[in-house]
Every structure is written in structure tokens, then in C-alpha cells.
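Protein chains: 2
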Amino acid sequence: MENTVYNFSAGPAMLPVDVMQQAQAEFCNFNNLGVSVMELSHRSQDFISVATQAEQDLRDLMHIPDNYKVLFLQGGGRGQFAALALNLMGKNAKADYIVTGQWSKSAIAEAEKVGQVRALDGFVKAENEQGPRALATEWDLDPNAAFVHYCINETVDGIEYPFIPETGDVPLVADMSSTILSRPVDVTKFGLIYAGAQKNIGPSGLAVVIVRDDLLDQAFPNTPAIMDYAALAKADSMLNTPPTYAWYLAGLVFKWLKRQGGLTVMGERNKAKADLLYNYVDASDFYSNSVHPEARSWMNIPFQLKDDSLNEAFLAQAKAAGLVALKGHRLVGGMRASVYNAMPIEGVQALVDFMDKFAKQQG
Amino acid sequence: MENTVYNFSAGPAMLPVDVMQQAQAEFCNFNNLGVSVMELSHRSQDFISVATQAEQDLRDLMHIPDNYKVLFLQGGGRGQFAALALNLMGKNAKADYIVTGQWSKSAIAEAEKVGQVRALDGFVKAENEQGPRALATEWDLDPNAAFVHYCINETVDGIEYPFIPETGDVPLVADMSSTILSRPVDVTKFGLIYAGAQKNIGPSGLAVVIVRDDLLDQAFPNTPAIMDYAALAKADSMLNTPPTYAWYLAGLVFKWLKRQGGLTVMGERNKAKADLLYNYVDASDFYSNSVHPEARSWMNIPFQLKDDSLNEAFLAQAKAAGLVALKGHRLVGGMRASVYNAMPIEGVQALVDFMDKFAKQQG
Ligand SMILES: Cc1ncc(COP(=O)(O)O)c(C=O)c1O
Ligand SMILES: Cc1ncc(COP(=O)(O)O)c(C=O)c1O
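Chains as they are written, first to last, in full-length UniProt numbering: chain A, 1 to 363; chain B, 1 to 363.
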């Protein structure tokens with residue numbers, strides 16, 4: 001490859017170029033040990049150093065207080081859909097789920113296997129039938145629910161919360177898969193945060209869970225060990241063999257984020273990237289985005305072409321220009337540009353330039 | 001590193017040098033796509049080709065018949081301890097577990113959360129109190145059990161079955177984590193085979209499950225989606241984002257095994273490696289192995305020094321000689337040499353040479 005490729009995949013997604021180059025350089029010989037980091041026993045001191053450093057760097061980046069455990073697990077986001085319900089509903093098997101799109105809906109399917117779930121509409125009524133719907137700020141919450149669950153950023157729909165829901169004494173549980181580390185967030189507002197790694201953390205095969213200590217005593221007794229947060233916390237996420245290589249790569253990403261200046265800097269960059277693309281789309285007659293302006297995602301930006309029959313030509317020409325993985329999710333159609341931390345603004349500019357050229361060419 | 005390092009880790013374990021070098025070379029630019037294989041969407045045609053080729057190569061190597069599904073999952077071996085019980089005990093919640101060591105015991109802990117488990121002694125009575133115990137060939141099996149579970153190779157204890165237990169009509173379930181692909185095996189004798197990848201398949205974070213079709217209709221209805229074999233099979237293991245990079249590396253290992261000549265050749269090589277080490281240990285007054293000769297593992301070879309107080313010196317000098325990760329499991333003590341497919345016979349010879357030098361030096 002001679003030319004730069006910009007990869008807009010929603011996940012597994014691109015990783016920072018610096019991270020990939022470092023990982024490649026030390027792929028077969030980590031720390032001069034003569035073996036790969038993926039060939040180390042997870043019980044070796046060499047790997048434990050990698051693991052604890054990664055956790056510390058994540059704690060630093062997100063300002064995670066000491067009364068929260070940080071877990072590095074297998075099972076992906078969907079694994080946590082099940083695990084969080086098994087862990088938090090043991091004492092009181094009911095929970096409220098705010099629904100804003102595909103992923104909050106999918107989370108319910110797993111929780112319903114475990115307890116009683118109420119699905120709450122995440123939107124207020126639109127002013128007119130066609131117009132975009134704004135996010136609700138109040139819901140008919142059950143004060144006796146074990147927790148309230150929501151998805152901060154709906155990866156498929158491109159809908160992101162610009163605020164943290166107020167749930168009183170009921171612990172708030174957040175699916176942060178596609179927005180974690182993209183800007184500062186107040187961890188103390190949450191009972192539990194989880195994220196599949198394959199968007200903003202590292203490769204697929206790893207999920208990160210951040211959970212407040214006092215929520216760790218309410219699991220169902222027959223929870224599978226690999227989903228039992230209390231047991232996993234006690235074993236420093238090494239109750240069984242963890243996905244060591246993914247954990248190591250996540251650590252490299254955390255170090256890279258620190259070098260960039262941390263989450264405040266990333267937030268500014270991500271806002272600039274999102275503004276660039278949304279402003280172009282809004283000014284255009286050829287492209288459109290139908291999400292309410294206040295609920296637009298900084299990470300996943302869906303857009304539609306004026307004429308769906310041009311989608312294939314758009315994708316083919318974009319690919320030829322080095323702009324790949326722009327096809328929208330099958331449930332939404334159109335296009336989607338995922339612009340996670342690792343995507344430089346140059347990539348978004350290249351996309352906008354291409355979109356403009358394509359629009360003019362099609363008239 | 002100038003000198004060759006031989007890595008005897010029990011898992012995560014060494015991978016074939018050729019595989020690591022290929023993976024390093026194409027780390028940032030897979031198939032000239034300009035992105036890493038780990039940056040590809042699992043739904044992209046590029047990744048699906050990787051995934052289906054890996055499955056086909058594994059089918060070829062193990063001669064897996066068409067009426068078996070092959071799954072590539074997260075959760076490790078311990079995840080499958082839970083999953084297999086959830087999947088197979090839905091109709092008849094009882095199972096027989098043959099116990100031969102640490103891992104068959106651990107498997108029971110997860111199954112007991114799901115149904116009724118009988119633990120059956122895997123050994124016959126020893127002829128004298130001190131002598132090694134031979135593997136039983138008959139057990140008091142329950143003809144109405146949902147399945148019989150055993151661990152073909154006890155990674156910690158160094159005990160391996162040289163035969164396949166006869167269980168009549170009751171499906172046989174095998175933990176093959178530390179011996180899969182090390183020699184030919186008749187898949188048709190099993191209802192379900194599973195293995196954590198981190199010994200003989202690839203890096204950690206991946207488990208492979210091979211399951212007979214007719215066993216896929218008996219899961220408990222509330223089985224978590226990421227453990228639901230029938231749903232996973234229907235989705236070609238892409239019910240959620242799979243561990244794509246580990247899957248890709250497993251595929252490279254399968255191709256490497258084919259280039260070596262397949263499992264018959266590997267079996268011959270592995271027997272030669274094991275013979276070399278056991279013969280040396282048996283002839284020595286300084287080292288010993290206490291496993292019954294007919295139950296000795298080809299993959300994990302524990303041995304004790306005459307005097308435990310020499311263990312630290314042995315490990316330090318071995319490491320200095322490029323022989324790493326020889327410390328035995330904490331439950332067994334002493335040493336353990338794991339000599340999976342990727343370990344060349346030169347590594348075993350280097351170990352024997354070092355052991356001999358050390359023994360002579362200590363007198
Ligand atoms: C917001 C969100 N939650 C959950 C998931 C599910 O993650 P996984 O595929 O790892 O199960 C995704 C996956 O894309 C996601 O975007
Ligand atoms: C035979 C056997 N079964 C199961 C396991 C558990 O695997 P995991 O650590 O992936 O859960 C191991 C791990 O070493 C093993 O050797």
C-alpha cells in the first residue's frame with residue numbers, strides 16, 4: 001500500500017497508528033524476553049506488569065475512584081448484557097431499561113432471561129410526525145429497581161447522550177462500548193460501566209467493566225464463574241486465562257491516550273471531527289442525517305445519500321480513494337462513518353472532500 | 001535477543017515461529033488492504049474469508065464430519081465448563097464427570113451450578129500405596145446421564161488418556177484444551193469436544209467447540225446468548241463480535257499444521273519429544289516423574305528434582321540458558337515442561353542437555 005487508508009469501521013475498528021507500529025516492532029520479542037507478549041503465561045511477572053499498568057493507566061485517564069473495580073474480561077458487549085443482569089439482579093430481580101436504539105434493545109433480551117425488565121422509551125414525543133425526536137430527561141422509574149440501564153452511544157443509530165440520566169438512589173448502568181474514552185465522564189455517577197473493547201479500547205475479544213464495590217454482593221449464586229464480577233475482581237480478572245494480547249494492546253492504547261493529553265484533549269478533537277462532518281452534511285442537499293441535533297453521536301455518524309441507488313457507487317469510489325468500511329448497519333442502511341479516537345481529523349477531512357466531489361459529480 | 005529462547009509455558013504458550021513471523025510481517029497491512037486484520041469488521045468479506053478458511057482447515061486436520069458444528073468462541077476453557085452444562089443438561093439435568101486431576105475437578109464446579117453431577121474416580125486402585133495409579137477403563141456410569149465428561153489431558157498433573165473411554169449411548173464430552181491437534185483423534189466417538197486455544201491452537205481469548213448436531217436442541221432456555229451453542233452455530237460464531245485476531249492466528253496455525261503434514265506427523269513428532277524427556281528422567285537418579293507410564297502426557301511433562309531446595313537454582317540457570325517458564329503449577333510444585341506442537345525437538349534436547357549438566361553439577 002502506498003496511500004493512506006482511512007478505516008471507518010464501527011468495530012472492530014482502526015487502532016492508533018503509533019500503537020500498531022509499536023506492537024508490530026515488538027511482536028516476536030517483547031521487552032527483550034525473546035518471546036511474544038502473547039506467549040507469556042498470564043501468571044508470569046512479566047505479564048502481570050502489563051496487566052496492572054494497563055489498569056492503572058485506565059484509572060488515571062478516567063479518574064476512576066478506589067471504590068470501583070476495573071475488570072478485563074472476555075465475552076464482548078453481549079456477554080456483559082447477560083453478566084451485568086446476573087450480577088446485579090440477584091437480590092431484586094427487576095430492572096429498568098431506557099431504550100434509544102438497537103443496542104439498548106439487545107441488552108434487554110439478555111436481562112429478560114434473568115429477571116423482570118421494563119423497557120422505557122428514551123425519547124420525548126416529536127413535535128411533528130417526521131421530525132427527529134429529542135432524548136427524554138425524565139422517565140417513570142421504579143425506585144425499587146435493581147438498576148437503570150442505558151446505552152450512552154447507540155453505535156448503529158448514531159445517537160449519543162450529551163448528559164448523564166438522573167436516577168436518584170437507583171444505580172445507573174451504562175453501555176459505553178462505543179464512546180468510552182472519547183471525552184471526560186464522571187465515573188462517580190455510575191454504578192457500573194461496561195464496554196466492548198473493539199471500538200475505542202483495542203481489538204475485539206476484550207470487554208472492560210468498571211463496577212462500584214458495593215454492587216458486588218448481589219449476584220445469583222449460579223452465575224457462571226467467567227461472568228461472576230465479584231470472583232473476577234478477587235482474582236484480578238485472572239480467574240481463568242484472560243485475553244492477554246488484547247489486554248496488552250489496550251494498555252498501549254491507554255498510554256497513547258495519555259501522550260495525547262488525556263480525555264479532555266480527546267474530547268476537543270472528537271468534537272472538532274464530528275462538527276466537521278455534521279456541518280458538511282447539514283449544509284448539503286445531497287446528504288442528510290436524521291438524528292436530533294442534541295443527540296448526535298460524536299463517534300458514529302450515519303448519513304444517507306439523496307438517492308439510495310447511488311450507495312454502491314459511493315462505496316466503491318470511496319474505497320478506491322482509500323476511505324473504507326463506510327457502509328451503514330444493515331438495520332439502518334445508507335452510510336456510517338465511525339470516527340473513534342484513533343481516527344485523525346485528516347481522515348474526516350478526506351471523507352468530506354470525497355463526499356463533496358461525489359455529490360458534485362452526481363449533480 | 002541473540003540466542004534462541006525455548007518457552008515451555010503451559011499456556012498461553014509458544015506459537016510456531018513461522019506463524020509469528022508471518023503475523024508480524026502483515027500486522028499493519030493484511031492482504032494489501034492497508035489495515036490490520038484486527039481492524040476489519042467481522043462482517044466484512046475479508047474477515048469472513050479468514051474465518052471460514054480457518055474452520056475448513058481445522059475440519060480437514062481433524063476429519064470433522066459434516067454433522068458436527070465447529071464454533072470459535074470467547075470465554076476460555078472455564079467458559080465452556082459452564083456453557084457445555086447449560087447446553088447439554090436442559091432436558092436431563094444430570095451428568096457423570098470422570099476425575100483425573102485439577103481440570104476435571106474444576107469443570108465440575110461449573111456444572112454443579114446447572115445440574116446434578118456425579119464425580120467418578122478416574123483411576124484404578126494402586127497396587128501399593130506409593131505406586132502410580134493407572135487410569136480406569138470402566139466406571140459405574142449412569143445410562144440416563146445427559147453426558148459423560150472427562151479431561152483427555154490434565155495440563156497441571158501431566159496425565160493423558162491414551163484411549164477413548166467407552167460410554168455406550170451416553171454422549172462423551174471431552175476437554176481437549178491441552179492436547180487437541182497433537183495427534184490424530186476419532187471425532188466421531190465424541191458428542192462434544194472443546195479446547196481453550198492458548199496451548200495448541202493460538203493465543204488466549206479463543207475457545208474452539210466441536211459439537212454433534214443432535215445435541216444442539218437441549219439447552220436451558222435462559223442460557224446467555226454468548227454460551228448458546230445452537231444460536232452461535234446458526235450465526236457462524238458471529239452472534240456477537242468474535243475475537244477476530246485470535247481466530248486469524250488460529251487459522252495460521254492450522255495452515256502451518258497442514259504444511260507439517262497434518263496430525264499423524266505431529267503425533268510422531270510429539271511422541272519422539274515426550275520419549276526423549278521421559279527416557280532421560282526415568283534413567284536419572286536426580287529427576288523423577290510420578291505418573292503411571294501408561295497415563296503420561298505427551299504435552300505437559302512434570303518432573304521433580306531430588307531436592308526441592310534446588311528448584312530456584314534450577315529455574316534461574318535454565319532461564320539464563322534460554323529455557324523459560326519451566327516452573328511447575330503451584331498445586332503440584334517442581335517443574336513442568338509443556339511441549340506443545342510449536343516446540344521443536346531441539347528445544348527438548350536443549351532442556352535434556354541442561355538438566356543433565358545441572359544434575360552433574362549438583363552431584
Ligand atoms: C453499544 C454497543 N453495545 C454492545 C455491543 C455488542 O458488543 P459485542 O459484539 O462485543 O457483543 C456493541 C457492538 O457493536 C455496541 O456497539
Ligand atoms: C485442560 C484444561 N482445561 C481447562 C482450562 C481452563 O482454560 P481457561 O483458563 O481458558 O479457562 C485449562 C487451562 O489451562 C486446561 O489446561
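Positions of the beta carbon are idealized from the N, C-alpha and C atoms, including for glycine. Here the structure is a predicted model, which means the values were calculated and not measured.
For the 7 Å CB-CB criterion, Val348 (chain B) and Leu232 (chain B) do not form a contact. Distance from the CA of Ala295 (chain B) to the CA of Val124 (chain B), rounded to the nearest whole angstrom, comes to 12 Å. Not one heavy atom of ligand 1 falls within 6 Å of the beta-carbon of Cys28 (chain A). Arg78 (chain A) reaches chain B at Pro224, Ala225, Ile226, Leu239, Asn240 and Thr241, counting residues in chain order whose Cβ is nearer than 9 Å. Per the Cβ contact rule, the segment 56–67 of chain A is not in contact with the segment 40–50 of chain B (fewer than 3 Cβ pairs under 8 Å). Taking the CA atoms as reference points, Phe72 (chain B) sits about 36 Å from Leu310 (chain A).
At least 7 Å separates the CB of Phe147 (chain B) from every CB of chain A.
Taking the Cα positions, Ser106 (chain A) is about 14 Å away from Ala83 (chain A).
By the Cβ-count criterion, Ile345 (chain A) is exposed, with fewer than 16 other Cβ atoms from all chains shown falling within 10 Å of its own Cβ. Under the three-state reduction of DSSP output, Pro293 (chain B) falls in the helix class.
Rounded to whole angstroms, Asp142 (chain A) and Leu252 (chain A) show a C-alpha spacing of 41 Å. Restricting attention to beta strand (DSSP E) runs no shorter than 3 residues, the segment 83–164 of chain B encloses them at 94–99, 116–121 and 148–151, ordered along the chain.
Along the segment 243–300 of chain B, the alpha helix (DSSP H) occurs as fully enclosed runs of 4 or more residues at 244–260 and 263–283, listed in sequence order. DSSP places Gly77 (chain A) within a helical segment (H, G or I) once states are collapsed to three. Per DSSP, reduced to three states, the secondary structure at Gln21 (chain B) is helical. As DSSP reads the structure, Lys69 (chain A) sits in a beta bridge with A:Val211.
Taking 6 Å as the cut-off, one finds at least one heavy atom of ligand 2 near enough to the beta carbon of Trp103 (chain B). Residue state for Asp308 (chain A) is assigned as helix, using DSSP reduced to three classes. Using a CB distance cut-off of 7 Å, Cys151 (chain A) does not count as an interface residue toward chain B. At least one heavy atom of ligand 1 lies less than 6 Å from the C-beta of Arg78 (chain A). Relative to ligand 2, even the nearest heavy atom lies 6 Å or more away from the CB of Asn341 (chain B). Excluding sequence positions up to five before and after Leu305 (chain A), its CB lies within less than 8 Å of the CB of Phe286, Tyr287, Asn311, Phe314, Gly334 and Met335, all in the same chain and listed in chain order.
Shown in chain order are the members of the segment 321–349 of chain A whose Cβ falls below 8 Å from a Cβ of chain B: Gly322, Val324 and Ala325. Shown here for Ala318 (chain B): same chain residues with a beta carbon closer than 7 Å to its own, the five before and five after excluded, namely Leu326 and Phe354 in chain order.
Contact between Ala93 (chain B) and Val114 (chain B) holds: CB atoms are separated by about 7 Å, below the 8 Å threshold. Taking a beta-carbon distance threshold of 7 Å, Gly205 (chain A) counts as an interface residue toward chain B. Each of B:Thr241, B:Ile301 and B:Lys189 was checked against the Cα of Val156 (chain B), and the nearest Cα belongs to B:Ile301. For the set B:Ala136, B:Val117, B:Leu120 and B:Arg118, the Cα lying nearest the Cα of Ala126 (chain B) is the one of B:Ala136. Among the residues facing chain A, Thr244 (chain B) is included, as its CB has a counterpart in that chain under 7 Å away. Here DSSP, grouped into helix, strand and coil, assigns Phe190 (chain B) to coil. Taking a Cβ-Cβ threshold of 9 Å, the residues of chain B close to Ala13 (chain A) are Glu39 and Ser41, in chain order.
Taking C-beta atoms as the reference points, Gln53 (chain A) and Tyr194 (chain A) fail to come closer than 7 Å. Shown in chain order are the members of the segment 90–120 of chain A whose Cβ falls below 8 Å from a Cβ of chain B: Ala109, Glu110, Lys113 and Val114.
Listed along chain A are Phe27, each with a C-beta nearer than 8 Å to that of Ala23 (chain B).
Counting the other CB atoms within 10 Å of its CB gives Ala283 (chain A) a total below 16, which places it among the exposed residues. The same chain holds no residue with a CB closer than 7 Å to that of Pro293 (chain A) once the five nearest residues on each side in sequence are set aside.
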